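Below is one structure, written out as structure tokens; comments come after it.
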Amino acid sequence: MFWGAANPDWRMCKHGRQQSPINIEPSHLLFDPNLRHIRINSSLVRGLLLNTGHDITLELKYEDSNIINLTSGPLSYTYTVSEIKFHLANNDSVGSEHRVAGESFPGEVTSSFWFCHLH
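The opening residue of the sequence shown carries number 369 in my numbering; numbering runs sequentially from there.
Below, the structure written as structure tokens:
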């Protein structure tokens, strides 16, 4: 199940056309001092490190009860990390897929999560 089908308020997750890559404009950001900190539990997990030709991907292989979860803060649910991607340039040029104020960077790390209560 994906978010656009889980809740009508999240329809842009299903129908949005400009989801990635993104350009973060710092002047458009809002700071909410009332937000609580997000928590990431830490545990030793197994994974498979892959060179996909586009990025280096760490696919997490969960065994037993060792998982990495993201909770708390503004999040109403618990999310489990499924993979971590490292996007790197061959030199000090553009390796990032996303931008900040129109600027690219030599690398970036992205993580994918799944909503553990739906799976």
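Built from N, CA and C at the ideal position, the CB exists for glycine as well. In this text, all values refer to a predicted model and were calculated from it rather than measured experimentally.
The Cβ atoms of R404 and S444 do not sit closer than 7 Å to each other. Looking at S479, A469, F483 and Q387, the one whose alpha-carbon comes closest to that of E393 is A469.
Distance from W482 to Y430 at the Cβ level is roughly 11 Å; contact not present, criterion being Cβ atoms closer than 8 Å. Per DSSP, H455 is one residue of the beta strand (DSSP E) stretching across Y447 to L456. A distance of 7 Å or more separates the beta carbons of N437 and N458. About 5 Å separates the Cβ atoms of P389 and H466, confirming a contact at the 8 Å cut-off.
The stretch 369-447 contains, as complete alpha helix (DSSP H) runs of 4+ residues, the segments 371-374 and 380-383 (chain order). When E451, T420 and P442 are compared, the shortest CA-CA separation from I435 is found for E451. Within the model, the alpha-carbon separation for I406 versus V449 is close to 14 Å.
Put simply, the backbone Cα of L456 is about 8 Å away from that of V462. Within its own chain, the residues whose Cβ lies closer than 7 Å to the Cβ of T425, once the five positions on either side in sequence are excluded, are L418, E451 and K453, listed in chain order. In the DSSP annotation of this structure, S472 is not part of any beta strand (DSSP E), being labelled neither H nor E.
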